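Just so you know, we're using the working numbering here: the sequence shown kicks off at 1344 and counts up by one.
C-beta atoms are modelled at their ideal positions from N, C-alpha and C, and glycine is treated no differently.
Being a predicted model, the structure only gives us computed values, none of them experimental.
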Amino acid sequence: VNNITDNLTRELKEGGCVLLMVGVESGDDDILKELKKGITVKKITTAFEIMHKYSMETLAFFIFGSPSETKETARKTINLAKRINPTFVEFFILNPFPGSEAYHLAVEKGLIKDINWTEVASPQFFKPIINHPNFRSEELQKLLNNAYREFYFRFSYIVSTVLRMNSWLKVKYYFNLLPAILKLSGY
1344 VNNITDNLTR ELKEGGCVLL MVGVESGDDD ILKELKKGIT VKKITTAFEI
1394 MHKYSMETLA FFIFGSPSET KETARKTINL AKRINPTFVE FFILNPFPGS
1444 EAYHLAVEKG LIKDINWTEV ASPQFFKPII NHPNFRSEEL QKLLNNAYRE
1494 FYFRFSYIVS TVLRMNSWLK VKYYFNLLPA ILKLSGY
């Protein structure tokens, strides 16, 4: 987010870049600060305004379950995802790895469970490994499913996606994504 500028985005677009992946993480400034991300919601919003100006496709990554996450901060994250309107989103449940700021924070707050690192290192990113003070594991999973549903099943998103399907290759691409989106949405 900090590196997205008007000039850089224009040069990327002119150079043939078609997709920018951005770690947004949260829609709450306090959580972004807690995780030492060095970004703010304002910077995130500005970066997406620039990327939209150049019609860049975007993939935004969000994380639920930071140690101070609440229902209110999670709602801010979902609302931010809809407001900045990336082309695609991926929502994850925080799994802090040793050495990361989130891991140190979770250890400091006594939230780390007994961890089987073999399971954590597998491609399963949706199972929480911390004892969250505000959410049970099932609640985090439900929050994740709801975030996908709220983002991908908005009327405005569906219409804009259909309008982006300007070739048979894109039609095939989007239809191939549909089963994954349905599964992540809890359907």
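Near residue i, which residues of its chain fall below 7 Å by C-beta distance, leaving aside the five closest residues on each side in sequence?
{"i": "Asn1489", "result": "none"}
{"i": "Val1361", "result": "Glu1400"}
{"i": "Lys1419", "result": "Gly1370, Asp1371"}
{"i": "Asn1477", "result": "Glu1412, Thr1413"}
{"i": "Asp1452", "result": "Residue identity check: residue 1452 is Lys in the sequence provided, not Asp. Cβ within range, chain order: Pro1410."}
Between the Cα of residue i and the Cα atoms of the options, which residue gives the shortest distance?
{"i": "Thr1388", "options": "Arg1353, Tyr1500, Glu1368, Tyr1446", "result": "Glu1368"}
{"i": "Phe1404", "options": "Ile1472, Gly1366, Lys1513", "result": "Gly1366"}
{"i": "Ser1528", "options": "Met1508, Asn1350, Arg1492, Lys1379", "result": "Arg1492"}
{"i": "Lys1356", "options": "Lys1379, Asp1372, Met1394", "result": "Met1394"}
{"i": "Phe1407", "options": "Lys1485, Ser1499, Phe1518, Val1514", "result": "Lys1485"}
{"i": "Ile1501", "options": "Lys1380, His1447, Tyr1517, Trp1511", "result": "Tyr1517"}
{"i": "Ser1443", "options": "Leu1378, Asn1346, Pro1429", "result": "Leu1378"}
{"i": "Leu1363", "options": "Phe1391, Lys1376, Asn1474, Val1384", "result": "Phe1391"}
{"i": "Pro1441", "options": "Ile1472, Thr1416, Lys1385, Leu1520", "result": "Ile1472"}
{"i": "Arg1479", "options": "Ser1503, Leu1454, Ile1458", "result": "Leu1454"}
{"i": "Glu1482", "options": "Ala1417, Lys1452, Glu1451, Lys1515", "result": "Ala1417"}
{"i": "Glu1354", "options": "Thr1504, Tyr1530, Lys1396", "result": "Lys1396"}
At which residues does the beta strand (DSSP E) containing residue i begin and terminate?
{"i": "Glu1433", "result": "1431-1436"}
{"i": "Val1365", "result": "1362-1368"}
{"i": "Phe1404", "result": "1400-1407"}
Give me the Cβ distance between residue i and residue j, rounded to the nearest whole Å; I'm assuming they're in contact under 8 Å.
{"i": "Ser1409", "j": "Ile1374", "result": "5 Å"}
{"i": "Phe1498", "j": "Ala1424", "result": "Actually they do not touch by this definition, with Cβ atoms about 16 Å apart."}
{"i": "Phe1431", "j": "Leu1487", "result": "About 15 Å; that fails the 8 Å criterion."}
{"i": "Lys1386", "j": "Asn1345", "result": "7 Å"}
Identify, in the order they occur along the chain, each residue of the same chain with its Cβ nearer than 8 Å to the Cβ of residue i, setting aside the five sequence neighbours on each side.
{"i": "Arg1426", "result": "Thr1388"}
Name the two residues that bound the continuous alpha helix (DSSP H) containing residue i.
{"i": "Ile1501", "result": "1498-1507"}
{"i": "Phe1494", "result": "1480-1495"}
{"i": "Lys1356", "result": "1349-1357"}
{"i": "Val1450", "result": "1444-1451"}
{"i": "His1395", "result": "1384-1396"}
{"i": "Thr1416", "result": "1414-1427"}
{"i": "Lys1526", "result": "1511-1527"}
Count the other CB atoms within 10 Å of the CB of residue i; is the residue buried (16 or more) or exposed (fewer)?
{"i": "His1447", "result": "exposed"}
{"i": "Thr1352", "result": "buried"}
{"i": "Pro1429", "result": "buried"}
{"i": "Leu1512", "result": "exposed"}
{"i": "Pro1439", "result": "buried"}
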